[in-house]
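This report concerns only the one structure given below.
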Amino acid sequence: MRIRNEKMNISVLGLAVQGALATMCAMPMLAYADAAQDAVAAIRRPTNSVEIGVENVSQKSAKFGEYNGLNKSGTEFIGNFSVRGGDAYDGGNGTLRWGVTGTDLGTTSRELGATVGNQGRWNLNIGYDELRHNITDTYQTPQQGSMGGNAFTLPANFGAFDAATSPGVRTLNATRLGAFHTEEVGTTRKNTSFGAGFNFSRQLSLNFDYNHLDQSGAKLMASAADGRAATTGTWRAEAVSILMNPTNYETDTFNLALNWVGDQGHLTGAYSASIFKDGYDRLSWQNPMLTNASTAAAGVYQTITMSTAPSNKLHQLNLSGGYAFSSATKLSGGLSYGRNTQNDSFLTALPEIFLSPKASLDGLVITKHADLKLTNQSIKDLMLTASLKHNERDNRTSSGIYQYYAINSTIAGVDTARNAPYSNKKTELGLAGEYRLDKRQSIALAYDMEKISRWCNNYAIAGSCLVATGNSEDKLGIKYKLKAGNDVKLSAGYSYARRKVTEDNNAVTALSGLGGVVGVGPMDVNAQNYPGYSSMTFAGRKQDMLKLGINWQANDKLDLAAEGRYAKDKFDPILGVQSSKSSGINLDATYAYSENGSVAAYASWRDSKKDMRIGGTGLGAQNAGVTYAALVAPTNIWSNQLNEDGNDFGITTKHKLMGGKLELTGDLSYSFDKSRYSTQVPYLATCGLATVGTCGDLPDIKATLVALKLTGIYALNKSSKIAIGYRYQQLKSDDYSYNAFQYGYSSLRLMPTNQVSPNYSENVVAVSYMHDFK
Amino acid sequence: MSKWQRIIAVCAASVGLGLLLASATPVLAADAPKPAVANKDVAKDLVLRGDAKCTRCHDEADSPELLAIATTRHGVKGDARTPSCTSCHGDSEKHLGHKGSAKPPSPDRTFGKKTLNSAAERSDACLTCHKGTKRTYWQGSQHASNDVACSSCHKIHGQNDKVRNKKTQTEVCFTCHKTERNETHKISAHPLADGKMACSDCHNAHGSAGPKLLAKNTLNETCYTCHSEKRGPFLWEHQPATENCASCHTAHGSNISPLLKSRAPFMCSQCHDGPHNSKAPYGPVAAGNQGGFVGTNPTENATGRACMNCHAMVHGSNSPAGALLHR
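Heads up: the sequence lines are chains H and W, in that order.
Residue 750 in numbering that gives the first Met the number 0 sits at position 751 of the first sequence, and the numbers go up by one each step.
Residue 119 in numbering that gives the first Met the number 0 sits at position 120 of the second sequence, and the numbers go up by one each step.
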């Protein structure tokens, strides 16, 4: 076990890069101290800038500061700079250019970068980018262990509340409640990058890019322990805990590319690699149902062990290029071959694991890609395009039989499953033609075909590993564009797509025959789903899409735009998602009311609906030979709809006063989103009772975001400005999923965390001084 | 590779490259432009080679914003590849030969809002030099076939090109992509609004071999650029996750965290109807007592993270005990 102290984790490489950046930052100050320039020389020189200031955040909020580093109340430092230089700006034959930039230096969203290059010859760049993702500051847990660590235990006096107790009577007494403490959960990403380029000649160049991503902290995840009386085997329902799953990750990414550019053709050959390493091989936590190891039994453990993301590698060779047969006929294409491997040692000596045939996966996925695109405009007004693409994920990992204790397995029962190394390949053909009817109008037709196959190599038992072994889709589209005069542009498009699925209902999926005899199958049909049910992802469907757009440049000052879209999917299966619809309208207007001012506004409306029809409980077993007709009566089907609405409004204005010395900007936006689930269970008369609650509407999931930004920038002189900014942002959200995390709510089926749906009302005031210099 | 190994590797690469550059530069000097000749026209050039015929009118008093091209890569005269005004705007003889006080005819090729040149003509001016690499798939791409020209997004004459700055890039993209603009305002979104991510982190606006102009060949490959911990291969794979992250997630923003298209248990019911609890209907019970349910035991199958309370490893598990994606 390793405990990672995030605060002390100072990246040496990061420090080295920052040191180099700081040194480079100092260079320009000296270089330009005495520069005297005439008007043209001044134009040639880049404008450098430095901004320093402070901003005050009114209250602590992880959600407001989710990505911007402003999650704490109080004062933050504002620091931004951009400095460039080099003899390339002298107007002579110099080609040296360098630049150093820094943004948001006072926050955990800081970024630093530097480039230097002899243009046309070589270039180097380094960068450092930090991003703290604040997930929550209200999360509470009784589990002890640091955020970012991978081992959590309950305090010794927590006691078991206990395996023999029904969830309804489990309680958190004062001692247990006292064990709860708040953790600020989030992840920190630190990217350090280095890049270099070298031009051997006008035709030949080499580029190298390297990026090191260091990720620390944690994300929240759930995990369940079995609640079972250890001695009697009486099941007492799961006990779910929300845990801080550590993100102790490092990813190194390389790309080396050799580029050749000729008069008629160009070619790039590249090698890239992505090496992911997880510092932990497990996450362990203590089962609150069982704090005494002596009472543990098969299926019930004191310490629960979760696997973590295994370290993996991807090596890829890429080749892409193009050739112009003539100015009218051009070809482009690419090839790619990748090896994705993973061979982390499996967890061993754990009570959950009964039989593991291997010590590690020795996983191998080969990815292949090929594409070709031909464009032709031999006829002046007709543009033709033909393209062909192939992508393949060939999982060559072996398949084996594994035995283990699952949550909710019988006390002496061992579950059996075989791993399914999924492979798929997709081939796409595209044909398109656009014909210009005259100078004002054009019409485009397109046909796209897509075929997908899915399989498993080396599957441990005979039969297909999945039901939807293939899909094919044909799509036809038409688009019309019109320029009415010089001021109005119209476009209208419609497409129709038909997707079909090839299914093997006798597939023996990874979990078919769960608990059954190894190698015997098929025990189930349709992957244990009801006959007639298909997954939305693969199901046959018809799709209609319509898009309309108009843009009117009323005059030099006023620009208006409107667009609308509508999409409808109708799915084939009797059970499963039946249909989905979505529509949206966007309106935009920009008005430049004077040389010194403009205003822009937008408004958007969108809604979507998805209908689902599900075979309910009580339909009997899904055994082989049982038909849909024999199983499903209409009264045994329940349905569910998801309705989503969203509205956005925004207005932005800019205005210059006092002869341009004072620039005011204002930005107001409002966004509202709502999601609602409705369920109907016609076969259960009591479904609507408050004690049953299986039909009816769930409370809306709502979020309203209002943001106002006001900025005034006053020019003290040609090179100095004072900026004063005020920002108000309010989020009101309501999400029923947080109900389960409240104390006393769920009879301890789910350990409370006190997390609530995010709400905040923030005021941020900023004052900064900006200095520009040449 | 340890941190010290990485530092040594980076230093070694830098030193090696520096030595290579130092030795190679003289060889490349042959590619450099010839020294300025004492020619009358050349002497009048202000910022670009051969710009004198243009800058005699468009000088620092008339058009300082045009001359700001000097601060860009195009303005580096020492680089033999950089253009003159006419490289992009055409010879424009009518424009140059115009006399009198009336408004002169436009140059052969213009790039502003009122241009009469087609998007293809405008882009050709750039693609003459900017061939290959990221622009390999420009021809016939979504942008090219929708009359988007390079100049629709890029500012050529200014020092600051909004679309090449992570903080401001979305302002440019959202000019057309309004649905995506709205989606980034949702409660769950990638950090685009905070300028910590740019559209170009995932998309190649110049054309790509991937879907939706994605930078990589497939959607999953693009997502794994940052989320490499989900790449696997895992012992226990979740098939839709291996094929298409968008089976469950939406990239630009969602009302349901984290960037989900729907919520468990309903989202799971879109693919599972039969095994275990996936056939069970849920209504207000999923919202627990606060949602109107008055029973004593709201089920953990529907509340909180619902299915993912137990099936937590939805992206794949590498535990021999993880067949059900529990561990």
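Just so you know, even glycine gets a beta-carbon here, dropped at the ideal spot from N, CA and C.
None of the values given here were measured: they were computed from a predicted structure.
Residue i: contacting residues in chain W (beta-carbon distance under 8 Å)
i         : result
Pro-817/H : This structure leaves residue 817/H out entirely; chain H is present only between 0 and 773.
Ala-49/H  : The sequence as given places Val at residue 49/H; Ala does not occur at that position. None at all; the shortest Cβ gap to chain W is about 15 Å.
Thr-678/H : Pro-280, Tyr-281 and Gly-282
Met-769/H : Here the premise fails: no neighbours, minimum Cβ distance about 14 Å.
Met-535/H : Gln-269 and Cys-270
Closest by C-alpha distance to residue i, when choosing among the options
i         : options                                       : result
Lys-154/W : Arg-72/W, Gly-282/W, Ser-277/W and Gln-289/W  : Arg-72/W
Cys-152/W : Thr-174/W, Lys-165/W and Gly-139/W            : Thr-174/W
Gln-577/H : Lys-609/H, Ser-767/H and Asp-393/H            : Lys-609/H
Val-763/H : Gly-73/H, Asp-37/H and Arg-43/H               : Gly-73/H
Tyr-669/H : Thr-183/W, Ala-214/W and His-271/W            : Thr-183/W
Tyr-592/H : Asn-525/H, Lys-653/H, Leu-346/H and Ala-40/H  : Lys-653/H
Asn-116/W : Lys-312/H, Asn-485/H, Phe-179/H and Gly-429/H : Asn-485/H
Glu-120/W : Pro-103/W, His-88/W, Gly-231/W and Lys-93/W   : His-88/W
Pro-245/H : Phe-157/H, Ala-195/H, Gly-185/H and Ser-273/H : Gly-185/H
Ala-445/H : Val-82/H, Asp-473/H, Ser-581/H and Leu-547/H  : Asp-473/H
Gln-679/H : Lys-731/H, Asp-128/H, Thr-693/H and Asp-666/H : Thr-693/H
Arg-108/W : His-94/W, Ser-100/W, Lys-98/W and Ala-101/W   : His-94/W
Gly-68/H  : Glu-182/H, Ser-674/H, Arg-188/H and Leu-95/H  : Arg-188/H
Closer than 8 Å to chain H by CB, residue i
i         : result
Ser-86/W  : no
Glu-228/W : yes
His-322/W : Checking the displayed sequence, the identity of residue 322/W turns out to be Ala instead of His. Yes, Ala-322/W counts as interfacial toward chain H.
Val-171/W : no
Phe-110/W : no
Glu-179/W : no
Asp-193/W : yes
Lys-211/W : no
His-325/W : yes
8 Å contact criterion, which residue i and residue j should meet: CB distance rounded
i         : j         : result
Thr-536/H : Glu-502/H : With 8 Å as the limit, Thr-536/H and Glu-502/H do not qualify as a contact, their Cβ atoms being about 13 Å apart.
Ala-238/H : Met-288/H : 5 Å
Asn-375/H : Ala-327/H : 6 Å
Gly-282/W : Leu-697/H : 7 Å
Lys-499/H : Gly-539/H : 5 Å
Phe-345/H : Pro-319/W : 5 Å
Lys-372/H : Ser-331/H : 5 Å
Leu-257/H : Ile-241/H : In fact, because the Cβ distance is near 49 Å, the residues do not count as touching under 8 Å.
8 Å Cβ cutoff, residue i in contact with chain W
i         : result
Met-675/H : Reading the sequence as shown, one finds Arg at residue 675/H and not Met. Not closer than 8 Å to any Cβ of chain W, the Cβ of Arg-675/H fails to qualify, so no.
Glu-551/H : A quick correction: the sequence has Trp, not Glu, at residue 551/H. For Trp-551/H, the answer is no, since every Cβ of chain W falls outside 8 Å of its Cβ.
Lys-567/H : no
Asp-393/H : no
Asp-647/H : yes
Pro-287/H : no
Pro-45/H  : yes
Gly-575/H : yes
Per-residue contacts from residue i into chain W (C-beta, under 9 Å)
i         : result
Ala-765/H : Residues of chain W passing the Cβ test: none, with the nearest at roughly 15 Å.
Gln-440/H : Within chain W, no residue comes near Gln-440/H; the closest Cβ sits about 13 Å away, beyond 9 Å.
Per-residue contacts from residue i into chain W (C-beta, under 7 Å)
i         : result
Met-220/H : Ala-311
Val-260/H : Lys-130 and Gly-131
Asn-554/H : Ordered by position in chain W, no residue passes the 7 Å Cβ test against Asn-554/H, which lies about 12 Å from the chain.
Where residue i meets chain H, residues with beta-carbon distance less than 8 Å
i         : result
Ile-155/W : Simply none; closest approach about 15 Å.
Beta-carbon neighbours of residue i, restricted to chain H and to distances below 7 Å
i         : result
Ala-286/W : Leu-697, Pro-698, Tyr-735 and Asn-738
Arg-80/W  : Gly-119 and Arg-201
Asn-216/W : Ser-335, His-368 and Asn-390
Chain A contact residues for residue i, given Cβ-Cβ distances below 8 Å
i         : result
Ser-105/W : Protein chains H and W are contained in the structure displayed, whereas chain A is not.
Contact between the segment 249–269 of chain H and the segment 143–152 of chain H (3+ Cβ pairs under 8 Å): no
Using 8 Å as the threshold, is the segment 290–298 of chain W in touch with the segment 369–384 of chain H, meaning 3 or more CB pairs across them? no
Does the contact criterion of 3 or more C-beta pairs under 8 Å hold for the segment 264–283 of chain W versus the segment 201–213 of chain W? no
Stretch pair the segment 105–114 of chain H + the segment 202–214 of chain H: three plus CB contacts closer than 8 Å: no
Decide if the segment 708–727 of chain H is in contact with the segment 95–110 of chain H; the criterion is three or more beta carbon pairs, one per stretch, under 8 Å apart. no
Taking 8 Å as the cut-off, does the segment 388–408 of chain H touch the segment 452–463 of chain H (at least 3 CB pairs, one atom from each stretch)? yes
With a cut-off of 8 Å, do at least 3 Cβ pairs link the segment 304–324 of chain W to the segment 348–367 of chain H? yes
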